[in-house]
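Residue numbers (our numbering), protein chains in the order written: chain A, 119 to 301; chain B, 234 to 475. Here's the structure, in structure tokens; my notes come after.
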């Protein structure tokens, strides 16, 4: 490993998803070591960085845009990243995260905080502490421009490896033939 | 019967009078995506996925319902056709509630296969998230309208092959849906024979057997060829489920 070579800055972000895509990323196993040599991880749920940095080369975004915080983050990601990759089905289609879209926000909050709760019968109202739900959870590309789409729930480590290598070589990964799949 | 000669994608083919463009294409392994079409059922030209370009026609024509004509010049795939097909699949995906990851038909779904076939990388249209119902009143099967693409295969197989006509189409436009009986619960149907043909011909996870979970519902369509051949040719062919 050499510090004199400038490595591409990579970020991974977890929006409205189950973190399964990140789990699959970790399933790269020993390939993670090879990747660690090639990249500089500047922001990720597995790295303790609070603020999304400037001048990121590649950002992988897991999850749908489901609350105000996600939406703000999506715009920051776009502004600060060269390539944005929708990482998995929730970012690409809304998937399971968007299944709540046929219910109103009030119905969802009542169900989660009142009906299913034994002890605490109050709903959140301080949205400085907890993010406010958007009316609908949407795919990432309905909010910001996205450069490439990695499908699957979750994408397999092989698919992630392919995408990362393409992006690291400055190519937009094309999935229409080899890796296009939903679910 | 008279023979017609036509050109498909620059190659000459001969076909029997009255044959559809799709039928000729299939015989010669020329790929044309289809959804509502199913060999053995009547042809309705509803999904428009099989649209082709015919020289001299200002409109795109569905290959399944368009009969061959002498000297016809047909193109089955080009940038315009591919784009329209992608749009059709994207519209189908956006107007229902299709969540592959939690669907009984995941990996055995014709809508999913079509998305791959036409290269649907993402859907640009806003998803509608319609408030559709699920009918689990039948003792053997479930009808989940969220996953229905209105191909009407269930309607046709029940009417034309089983002869029960439990299913029909109600409503128009975005409110169009498949109904059983006179829009009653499926479980109340007096005419349903519980044969399951509708479940097997359904291209998605809209119709499925009770008790199956994610990715478990595989549709076996071999029975259709078996029955049709028996009726038309009085021959009992072996059932294959390719």
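Cβ atoms here follow ideal geometry from the backbone N, Cα and C, with glycine treated the same way.
* To the nearest angstrom, report how far apart residue 387 of chain B and residue 397 of chain B are at their CA atoms. => As a working mapping, residue 387 of chain B is identified with position 154 in the second chain. As a working mapping, residue 397 of chain B is identified with position 164 in the second chain. If you take the alpha carbons of residue 387 of chain B and residue 397 of chain B, they lie about 11 Å apart.
* Asked: So, helix, strand or coil for residue 231 of chain A, using DSSP?
  -> Within the first chain, the letter at position 113 stands for residue 231 of chain A. Looking at residue 231 of chain A - three-state DSSP - the assignment turns out to be helix.
* Asked: Would you call residue 158 of chain A buried or exposed, if buried means 16 or more other Cβ atoms sit within 10 Å of its Cβ?
  -> In the first chain, counting from the first residue as 1, residue 158 of chain A sits at position 40. Residue environment analysis places residue 158 of chain A among the exposed positions, since fewer than 16 neighbouring C-beta atoms fall within 10 angstroms of its C-beta.
* residue 275 of chain A by DSSP, collapsed to three states: which one? -> Taking the first chain and counting its residues from 1, the one referred to as residue 275 of chain A is at position 157. If DSSP states are grouped into helix, strand and coil, residue 275 of chain A belongs with the helices.
* Quick one: residues in its chain with C-beta nearer than 7 Å to the C-beta of residue 449 of chain B, no 5 flanking neighbours on either side, listed in chain order? => Within the second chain, residue 449 of chain B is the residue found at index 216, counting from 1. Take residue 449 of chain B, set aside five residues on each side of it, and the residues of its chain with a beta-carbon closer than 7 Å to its own are 337, in chain order.
* Asked: Does the stretch 248-262 of chain A touch the stretch 342-350 of chain B, meaning 3 or more C-beta pairs lie closer than 8 Å?
  -> no
* Should the stretch 430-444 of chain B be called in touch with the stretch 365-376 of chain B, which here means at least 3 C-beta pairs below 8 Å? -> The stretch 430-444 of chain B is in contact with the stretch 365-376 of chain B.
* Reducing DSSP to helix, strand and coil, say where residue 256 of chain B ends up. => The count along the second chain starts at 1 and reaches residue 256 of chain B at position 23. Reduced to three states, the DSSP call for residue 256 of chain B is helix.
* The beta strand (DSSP E) with residue 205 of chain A in it runs from where to where? -> As a working mapping, residue 205 of chain A is identified with position 87 in the first chain. In the DSSP assignment, residue 205 of chain A falls within the unbroken beta strand (DSSP E) covering 199-205.
* What residues in its chain sit with their C-beta under 7 Å from that of residue 451 of chain B, if we drop five residues either side in the sequence? -> Residue mapping note: residue 451 of chain B aligns to position 218 of the second chain, counting from 1. Around residue 451 of chain B: 341.
* Check each candidate in A/154, A/138, A/237, A/205 and name the one with the smallest Cα separation from residue 278 of chain A. => Numbered from its first residue, the first chain carries residue 278 of chain A at position 160. Comparing Cα-Cα distances from residue 278 of chain A to each of A/154, A/138, A/237, A/205, the minimum goes to A/205.
* To do: Mind checking the stretch 264-287 of chain A against chain B and listing, in chain order, the residues whose C-beta falls within less than 7 Å of any C-beta there?
  => 267, 271
* To do: Ignoring anything shorter than 4 residues or poking outside the stretch 138-209 of chain A, list the alpha helix (DSSP H) runs there in chain order.
  => 138-144, 149-156, 186-198
* Asked: Between residue 268 of chain B and residue 289 of chain B, what straight-line distance do the alpha-carbon atoms span, to the nearest angstrom?
  -> Here residue 268 of chain B refers to the residue found at position 35 when the second chain is read from its first residue. Here residue 289 of chain B refers to the residue found at position 56 when the second chain is read from its first residue. Near 26 Å, if we compare the C-alpha coordinates of residue 289 of chain B and residue 268 of chain B.
* Quick one: what's got a C-beta closer than 8 Å to residue 245 of chain A's C-beta in the same chain, skipping five residues either side? -> Position 127 of the first chain, counting from 1, holds the residue named residue 245 of chain A. Excluding sequence neighbours, residue 245 of chain A sits near 186.
* Would you identify the three-state DSSP class for residue 461 of chain B, choosing helix, strand or coil? => Translated into the one-based positions of the second chain, residue 461 of chain B becomes position 228. Residue 461 of chain B: helix per DSSP, three-state reduction.
* To do: Flag this pair as yes or no: are the beta carbons of residue 238 of chain B and residue 249 of chain B separated by less than 8 Å?
  => Locating residue 238 of chain B in the second chain gives position 5, counting from the first residue. Locating residue 249 of chain B in the second chain gives position 16, counting from the first residue. The answer is no: Cβ separation not under 8 Å.
* Which listed residue (A/225, A/218, A/161, A/252) has its alpha carbon closest to that of residue 178 of chain A -> Here residue 178 of chain A corresponds to residue number 60 of the first chain, with the count starting at 1. Comparing Cα positions, the closest option is A/161.
* To do: Inspect the beta-carbon positions of residue 210 of chain A and residue 355 of chain B and report whether they are closer than 8 Å.
  => The residue labelled residue 210 of chain A in the question sits at position 92 within the first chain. The residue labelled residue 355 of chain B in the question sits at position 122 within the second chain. Contact: yes.
* Completely contained beta strand (DSSP E) runs for the stretch 428-458 of chain B, where each covers 3 or more residues -> 440-442
* Can you say whether residue 180 of chain A is buried or exposed, counting buried as having 16 or more other CB atoms within 10 angstroms of its CB? => Here residue 180 of chain A is taken as the residue at index 62 of the first chain, counted from 1. Residue 180 of chain A should be labelled buried.
* If we count the other Cβ atoms within 10 Å of its Cβ and call it buried at 16 or more, is residue 408 of chain B buried or exposed? -> Taking the second chain and counting its residues from 1, one reaches residue 408 of chain B at position 175. So residue 408 of chain B counts as exposed.
* Which of helix, strand or coil DSSP assigns to residue 300 of chain A -> Residue 300 of chain A sits at position 182 when you count from the first residue of the first chain. Looking at residue 300 of chain A - three-state DSSP - the assignment turns out to be coil, as it is neither helix nor strand.
* **Inter-stretch contact at 8 Å, needing at least 3 Cβ pairs: the stretch 316-329 of chain B / the stretch 357-373 of chain B** => yes
* **C-beta contact flag for residue 141 of chain A and residue 332 of chain B at 8 Å** => Looking up residue 141 of chain A in the first chain gives position 23. Looking up residue 332 of chain B in the second chain gives position 99. Against a cut-off of 8 Å, the Cβ pair of residue 332 of chain B and residue 141 of chain A comes out as no contact.
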